[in-house]
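Comments concern the structure below.
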Amino acid sequence: MTIEEEISLYQNMIQFHEKSCDDLIARYGTGVRPSWVSEDLALASHHIRRYRQRLAELEGQTDA
753 MTIEEEISLY QNMIQFHEKS CDDLIARYGT GVRPSWVSED LALASHHIRR
803 YRQRLAELEG QTDA
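Residue 753 is where the sequence shown starts when you use this note's numbering, and the numbers rise one by one after that.
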């Protein structure tokens with residue numbers, strides 16, 4: 753996999769997890785909701801942070 757393909761992959765994964773969060777919040781709101789919703793939001797947020805970190809590393813490689 754090339755760096756460009758990997759960058760595209762991480763960008764797509766970030767979009768996927770952001771949409772997943774948006775969908776959960778739209779359906780269950782921000783107040784009282786099932787505990788699994790909060791867990792799914794936390795996991796998605798964790799993945800987004802990790803993907804953004806890796807994306808920044810890869811983009812740094814292409815700038816050099």
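All residues carry an ideal CB built from backbone N, CA and C; glycine is no exception. No experiment lies behind these values; they were computed from the predicted model shown.
Taking a contact to mean a Cβ-Cβ separation below 8 Å, would you say residue 795 touches residue 776 in this structure? no
Chain-order list of residues whose beta-carbon lies under 8 Å from that of residue 786 (same chain, five-residue window excluded): 780
Taking all protein chains shown into account, do 16 or more other C-beta atoms lie within 10 angstroms of the C-beta of residue 798, making it buried, or fewer, making it exposed? exposed
Is the CB-CB distance between residue 813 and residue 755 below 8 Å? yes
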